[in-house]
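Residue numbers (our numbering), protein chains in the order written: chain A, 153 to 267; chain B, 796 to 904.
Even for Gly, the Cβ is constructed at its ideal location relative to N, Cα and C.
Since the model is a prediction, treat every value here as computed from it, not as a measurement.
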């Protein structure tokens, strides 16, 4: 079974630039998550989708971050404009059942460096 | 107080040693508890769930103390391959997962 796919794997940008990340979840997984993991910390949930609807975006900095999952499958996360503190690994995960880690799998992540 | 707190370590232990990590959580309404493992520059992976009665998976034993709001992970007979960061995770019902910062374990020959 194919896992969660993410691209790009690495991205280096300058502050104030824009960047977008893409995620393709495991087939059949209705729930999709974007996490931010800053070096030395655990993953922090940014946004959770159930199909193409947003379930939780309480920790998404909405002034600069946006995410969409238009057809309930792939998702994109955008940062515009980027700040130095956005340097982190952005992990996408999908699950068969929302909130159940036994069914949740992470992608390899996109490592973002903002200079 | 942070929702989930862990000692970041690192814990340096020799092969064959027994090592234990603790994690405390602040939300008494938390219902489900897990340990994840994260290798360097890799994504987190579920290691095991934590049940009130305690549970064991090979060399790994997880315990939950609801009264004191802490979770523990015990690793017996440590292997070099156990070197990783161990993340404590709590969730309330079917809501989002809340991760601790992780505890780094380094097992040396």
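Just to confirm, is the Cβ distance from residue i to residue j under 7 Å?
i, j, result
"residue 134 of chain A", "residue 255 of chain A", "Residue coverage of chain A in this structure runs from 153 to 267, which leaves residue 134 of chain A outside it and unanswerable."
"residue 799 of chain B", "residue 831 of chain B", "no"
"residue 885 of chain B", "residue 810 of chain B", "no"
"residue 833 of chain B", "residue 818 of chain B", "no"
"residue 253 of chain A", "residue 841 of chain B", "yes"
"residue 227 of chain A", "residue 184 of chain A", "yes"
"residue 200 of chain A", "residue 175 of chain A", "no"
"residue 209 of chain A", "residue 891 of chain B", "no"
Assign residue i to buried or exposed, taking buried as 16 or more other Cβ atoms, counted over all protein chains shown, within 10 Å of its Cβ.
i, result
"residue 162 of chain A", "exposed"
"residue 229 of chain A", "buried"
"residue 231 of chain A", "buried"
"residue 838 of chain B", "buried"
"residue 205 of chain A", "exposed"
"residue 861 of chain B", "exposed"
"residue 796 of chain B", "exposed"
"residue 195 of chain A", "buried"
"residue 222 of chain A", "exposed"
Looking only at its chain, what residues have a beta carbon closer than 7 Å to the beta carbon of residue i, apart from the 5 residues adjacent to it on each side?
i, result
"residue 264 of chain A", "163, 171, 238, 239, 240 and 242"
"residue 878 of chain B", "900, 901 and 902"
"residue 218 of chain A", "230"
"residue 258 of chain A", "156, 243 and 245"
Kindly list the residues whose CB is nearer than 6 Å to the CB of residue i, restricted to its own chain and excluding five residues on each side of it in sequence; keep chain order.
i, result
"residue 858 of chain B", "849 and 867"
"residue 236 of chain A", "167 and 266"
"residue 203 of chain A", "182 and 224"
"residue 852 of chain B", "843"
Kindly indicate the opening and closing residues of the beta strand (DSSP E) around residue i.
i, result
"residue 856 of chain B", "855 to 860"
"residue 254 of chain A", "Where residue 254 of chain A is concerned, there is no enclosing beta strand (DSSP E), given that its DSSP letter is neither H nor E."
"residue 205 of chain A", "205 to 208"
"residue 839 of chain B", "Looking at the DSSP string, residue 839 of chain B is not in any beta strand (DSSP E), and its letter there is neither H nor E."
"residue 846 of chain B", "Taken as a continuous stretch (DSSP letters only), residue 846 of chain B belongs to no beta strand (DSSP E), as it is neither H nor E."
"residue 165 of chain A", "162 to 165"
"residue 866 of chain B", "865 to 870"
Which same chain residues end up closer than 8 Å to residue i when comparing Cβ atoms and leaving out the 5 residues on each side of it in sequence?
i, result
"residue 154 of chain A", "178 and 179"
"residue 803 of chain B", "896, 897, 898 and 899"
Worksheet item: How do the stretch 807 to 827 of chain B and the stretch 180 to 190 of chain A stand: do at least 3 beta-carbon pairs fall below 8 Å, yes or no?
Response: no
Worksheet item: Are at least three pairs of beta-carbons, each pair with one atom in the stretch 810 to 820 of chain B and one in the stretch 211 to 222 of chain A, less than 8 Å apart?
Response: no
Worksheet item: Any contact of the stretch 856 to 874 of chain B with the stretch 243 to 251 of chain A, i.e. 3+ C-beta pairs under 8 Å?
Response: Too few Cβ pairs lie closer than 8 Å, so no.
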